[in-house]
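Novice:
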Amino acid sequence: MKALRVHETGEPTDVLRLEEVEDPRPGPGQVLVRVRAAAVNFPDALLCRGMYQTKPPLPFIPGVELCGDVAELGEGVTGLDVGARVIGGADLPSGAFADYALMSAEAVFPAPEALTDDEASSLFIGYQTGWFALHRRAHLREGETVLVHAAAGGVGSAAVQLAKAAGARVVGVVGGPEKAKTAAALGADVVVDRRSEDFVSVVKDLTEGRGADVVFDPVGGDSYQRSTKCIAFEGRIVVIGFASGTIPTPGLNHALIKNYSILGLHWGLYRQRAPETIPEAHERLTELAGRGLVKPLVSERLGASELAEGVQRLADGDTVGRLVFTP
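Using full-length UniProt numbering, read the sequence shown as starting at 1 and increasing by one per residue.
1. What separation, rounded to the nearest whole angstrom, lies between the Cα atoms of residue 315 and residue 48?
2. Can you look up residue 42 in the DSSP assignment and give me helix, strand or coil?
3. Going by DSSP, what residue range makes up the beta strand (DSSP E) through residue 5?
4. Is there contact here, the stretch 235–250 with the stretch 263–276, by at least three beta-carbon pairs under 8 angstroms?
5. From residue 303 to residue 178, what distance separates their C-alpha atoms?
6. What is the DSSP secondary structure of residue 107, reduced to helix, strand or coil?
7. Give me the Cβ distance between residue 127 and residue 285, rounded to the nearest whole Å; I'm assuming they're in contact under 8 angstroms.
8. Measuring straight from C-alpha to C-alpha, what distance separates residue 37 and residue 216?
9. Would you mind stating whether residue 145 and residue 206 have Cβ atoms separated by less than 9 angstroms?
10. What's the call for residue 51, buried or exposed, on a 16-neighbour Cβ count within 10 Å?
11. Does DSSP classify residue 240 as helix, strand or coil?
12. At the level of alpha carbons, what is the spacing between residue 194 and residue 6?
13. How big is the Cα-Cα spacing for residue 253 and residue 214?
14. Is DSSP giving residue 266 helix, strand or coil here?
15. Since I believe residue 243 is in contact with residue 220 (beta carbons under 8 angstroms), could you give me their beta-carbon distance rounded to a whole number of angstroms?
16. For residue 44, does the count of other Cβ atoms within 10 angstroms reach 16, so buried, or fall short, so exposed?
17. Are there 16 or more other CB atoms within 10 angstroms of the CB of residue 318, so buried, or fewer, so exposed?
18. Which same chain residues end up closer than 8 angstroms to residue 233 when comparing Cβ atoms and leaving out the 5 residues on each side of it in sequence?
19. In whole angstroms, what is the alpha-carbon distance linking residue 291 and residue 281?
20. On the DSSP bridge assignment, give the partners of residue 235 in chain order.
21. Which of the three DSSP states, helix, strand or coil, is assigned to residue 230?
22. Is there a Cβ of chain D sitting closer than 9 angstroms to that of residue 114, yes or no?
23. Classify residue 305: buried if its beta carbon has 16 or more other beta carbons within 10 angstroms, exposed otherwise.
24. From 32, 293, 289 and 124, pick the residue whose C-alpha is nearest to that of residue 84; which is it?
25. Taking just the CA atoms, how far does residue 21 sit from residue 268?
26. Kindly list the residues whose CB is nearer than 6 angstroms to the CB of residue 191, restricted to its own chain and excluding five residues on each side of it in sequence; keep chain order.
27. Under DSSP, the alpha helix (DSSP H) around residue 203 begins and ends at which residues?
28. With distances taken Cα to Cα, identify the nearest neighbour of residue 14 among 327, 309, 321 and 320.
29. What separation, rounded to the nearest whole angstrom, lies between the Cα atoms of residue 87 and residue 73?
30. Taking the alpha carbon of residue 200 as the reference point, which residue from 41, 96, 228 and 82 has its own alpha carbon closest?
31. Since residue 212 is in the beta strand (DSSP E), which residue starts that stretch and which ends it?
32. Going by DSSP, which residues form a beta bridge with residue 301?
33. Which partner residues of residue 72 appear in the DSSP bridge assignment?
34. Does the Cβ-Cβ distance between residue 3 and residue 99 come in under 9 angstroms?
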C-alpha cells in the first residue's frame, strides 16, 4: 500500500515521505480499516516534529483519525462487521495517512449516515474535544456567552457549532479576514479579528461588562492571558492546548479575586480513565449531526502528493476548517 511515513522528526514538509509499504495486519483487539478519508489534526504536525505527548517508534505513519471500511478483524474482536463504515482513532504507528490503517476495536464507532466520508472523518477528535470541554468540564448552560479562540480552526470550529447547538451566544476570535468569514459561516454571533480588534473590549461591550461565561482556549499564550481580563464572575476557562507555542503561567491570585475557574481538558485521558464516556458523546454527536446542528467544515481535500504541504500549513496556522486526506 501507499503511505506517508516519518523516519526522523522535523518539519512535516521535510519528514513526511510517500512510500510503498506492506499492508498492516491486525493484532488481538485490533481492526484493519481501508481508509476512505483522514482528517488532518494539529497532533499530526506535533508527531512529525517529535513534540507530541506520545512518541511512536520510528518509522511511523501519522494520521490520528479517519473514516473507513472495516477490512479485517483481529483476534477476539466481536460486534463489528467487515465492510462496515466506521470512524475513530487510528493505532499508531499504523496511522491513517495510508491506504489502510489499524484501529483498536474500542476506538471504532459507526460513521453517522448524515455525514459524507470527509465530514465523518473530522467528527471524532475535534468534536469529542469540544463536547467534553463545553459540557463535561465547563457545564455550559443555555444563554451563556462562550468565547472561542481559533474559531475557524479544526477544534475551534467544532466548539462554535457545539456551543450554538447548546443555545449559547458565541464570540469567535480569529486571525485575518478570511478566517473571520469562516467563523461567521459556522454560526458565531460575533467574530473578532484579533489582528485589528481587541476581543477583551468586544466581549465586555457585548455582555455589558459581565464577561464571557466560558472561554474555549486551544491557543494559550497571550490569548489565555487576555481572556482573564474578560472572564465573568464564576466563569470557566477551559485549557485545550497551546497552538501559539507558549504555555501561560496563570496568576492564581487573579483567579481567586475574580472568582473564576481554570479547567484542563486532556480528552485522550478519558479513553483510559472513563472509557464509557466516549461512546456516550459519540451518540450525542451523531444525533446532532442527524439534526443538522453540527457539520464539520471541510475546506480542502488533499491527495497523497499534497498532504505533507497541507500538514505544514496547518502547523503554521495557515488553514481554516478541516483539511482531509483522501487516499
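For glycine and all other residues, C-beta sits at the position ideal for the given N, C-alpha and C.
The structure displayed is predicted, hence computed values, not measured ones.
Specialist: Per the coordinate set shown:
1. In this model, residue 315 and residue 48 are separated by some 10 angstroms (Cα to Cα).
2. Note: residue 42 maps to helix in three-state DSSP.
3. That run of the beta strand (DSSP E) goes 2–6.
4. With the cut-off at 8 angstroms, the stretch 235–250 and the stretch 263–276 touch.
5. One alpha carbon belongs to residue 303, the other to residue 178, and they sit about 24 angstroms apart.
6. Helix, per DSSP.
7. The beta carbons of residue 127 and residue 285 sit about 5 angstroms from each other, so the pair counts as a contact at 8 angstroms.
8. Taking C-alpha positions only, residue 37 is separated from residue 216 by approximately 27 angstroms.
9. Yes, Cβ-Cβ distance for residue 145 and residue 206 is below 9 angstroms.
10. In the assembly as shown, residue 51 is an exposed residue. Its beta-carbon has fewer than 16 other beta-carbons within 10 Å.
11. DSSP places residue 240 in coil when its eight states are reduced to three.
12. Cα to Cα, the separation comes out at about 35 angstroms.
13. For residue 253 and residue 214, the distance between alpha carbons rounds to 19 angstroms.
14. DSSP places residue 266 outside both helix and strand once states are collapsed to three, so it counts as coil.
15. A Cβ-Cβ distance of about 7 angstroms is found for the pair residue 220 and residue 243, placing them in contact under the 8 angstroms criterion.
16. Counting the other Cβ atoms within 10 Å of the Cβ of residue 44 gives 16 or more, which makes it buried.
17. Residue 318 comes out exposed.
18. Take residue 233, set aside five residues on each side of it, and the residues of its chain with a beta-carbon closer than 8 angstroms to its own are 210, 211, 258, 259 and 260, in chain order.
19. Cα-Cα distance, rounded: 15 angstroms.
20. Note: residue 235 sits in no beta bridge, so no partner.
21. Of the three classes helix, strand and coil, the one that applies to residue 230 here is coil, per DSSP.
22. Absent from the structure is chain D; it holds one protein chain and no more.
23. Residue 305 should be labelled exposed.
24. Nearest option by C-alpha distance: 32.
25. About 29 angstroms.
26. Taken in chain order, the residues that qualify are 172, 180, 183 and 184.
27. Unbroken alpha helix (DSSP H) run through residue 203: 199–206.
28. Taking only the C-alpha atoms, the option nearest residue 14 is 309.
29. Note on geometry: alpha-carbon atoms of residue 87 and residue 73 lie some 15 angstroms from one another.
30. It is 228.
31. It spans 212–217 - the beta strand (DSSP E) in which residue 212 sits, taken as one unbroken run.
32. Bridge partners of residue 301: 324.
33. Bridge partners of residue 72: 32.
34. Closer than 9 angstroms, so yes.
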